[in-house]
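Here's the structure we're looking at; comments come further down.
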Amino acid sequence: MNEKPGYYAIIPAGVRYDKQLPQGAKLLYGEITALTNKNGYCWASNDYFAKLYSVSIGTIKSWLKCLEDNSYIRRVIKYKSGSKEVEQRFISLAPRSENLPPSVRKLTHPRSENCPENNTSINNTTTLGEPELINFWEKNGFGFISPKNREDLMYWVDDFKKIGSTDEQAVQVVKQAMSNAIDNNVRRYSYVNAILKNWESLRLTSLEAVTAYEAQRTQRQKSKSTSRQASTDVYQNQGDVQDEDLPW
């Protein structure tokens with residue numbers, strides 16, 4: 109992965125000195141700028157922010173409402189079909205952040221082809237894969253995902269797409285790497301990263317290809333283990349062989 113984004117929070121003067129905003133809302137705005145991905149969206153949940161700042165979800169909702177009411181952020185919600193249950197929610201920085209430096213200002217206007225048209229249609233599959241991967245990470249013992257690890261996982265999705273994966277295949281391959289780490293009881297990004305580097309070098313672009321490769325690898329390991337055990341048994345059965353008789 110060649111792209112190495114910077115991770116820092118930006119709170120422009122307009123936000124810092126806005127007397128209508130509570131201090132917590134200003135800090136939250138900075139966190140949103142740090143978590144905003146390359147498409148201009150922040151997918152972090154209210155629960156994530158609440159745990160990060162050790163406050164209630166109600167407080168987070170209040171801060172978000174203050175930011176939205178004052179046109180600092182925009183929230184778009186996708187509901188589950190036929191219900192009022194929220195399926196996905198994303199936050200984007202509103203155009204009011206004109207005081208941001210150019211490198212960050214461009215995030216306030218995501219490219220139209222990556223932007224949802226309304227709150228019922230989100231077409232960017234890579235972006236949709238982000239909450240799925242984050243949710244899997246945080247619910248399976250890896251801990252809270254850092255902004256860097258969050259971005260790195262999504263860069264892996266992009267990398268697999270570049271070698272032939274579809275959006276969905278790329279997300280599932282990255283998710284499987286996390287599953288393999290869990291199976292080996294090594295819940296660290298560095299381990300997941302090593303798995304993905306290997307699969308990328310082998311150009312394994314789908315879950316089916318990964319599964320077939322891992323099955324073959326497991327079989328090879330079993331064969332080697334059986335061969336070593338057979339060799340050991342031969343020497344164990346030759347009780348009259350002395351150490352000095354061995355060729356090493």
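Just so you know, we're using this note's numbering here: the sequence shown kicks off at 109 and counts up by one. C-beta: ideal position from N, C-alpha, C; glycine also.
Looking at residue j and residue i, is the spacing between their C-beta atoms short of 7 angstroms?
i, j, result
"L357", "A133", "The chain is shown only over 109 to 356; residue 357 falls outside these bounds and no answer can be derived."
"S314", "Q277", "yes"
"V279", "G237", "yes"
"T141", "A117", "yes"
"I303", "N288", "yes"
"N243", "Y297", "no"
"P255", "W151", "no"
"L312", "V282", "no"
"I253", "W264", "no"
Using the C-alpha atoms, what's the distance from residue j back to residue i?
i, j, result
"F268", "L172", "35 angstroms"
"E139", "G122", "16 angstroms"
"T334", "V300", "28 angstroms"
"I119", "Q131", "11 angstroms"
"S153", "R197", "8 angstroms"
"A323", "K305", "18 angstroms"
"K332", "W307", "22 angstroms"
"Y321", "V163", "46 angstroms"
"L129", "E193", "29 angstroms"
"Y149", "E195", "16 angstroms"
"I185", "I165", "17 angstroms"
"E316", "S273", "12 angstroms"
Can you tell me which of the options puts its alpha carbon nearest to the alpha carbon of residue i?
i, options, result
"S170", "K188, Y137, K186 and S191", "Y137"
*Can at least three beta-carbon pairs, one atom from the region 181–193 and one from the region 153–161, be found at a separation below 8 angstroms?*
Contact annotation: the region 181–193 does not touch the region 153–161, with fewer than three C-beta pairs closer than 8 angstroms.
*asked:* Runs of 4 residues minimum, wholly inside the region 129–215: which ones carry the alpha helix (DSSP H) assignment?
replied: Residue ranges of uninterrupted alpha helix (DSSP H) with 4 or more members, entirely inside the region 129–215 and ordered along the chain, are 131–143, 154–161, 165–177 and 210–213.
*Mind pulling the alpha helix (DSSP H) runs of 4 or more residues that sit fully within the region 259–342?*
Complete alpha helix (DSSP H) runs here, min 4: 275–291 and 297–309.
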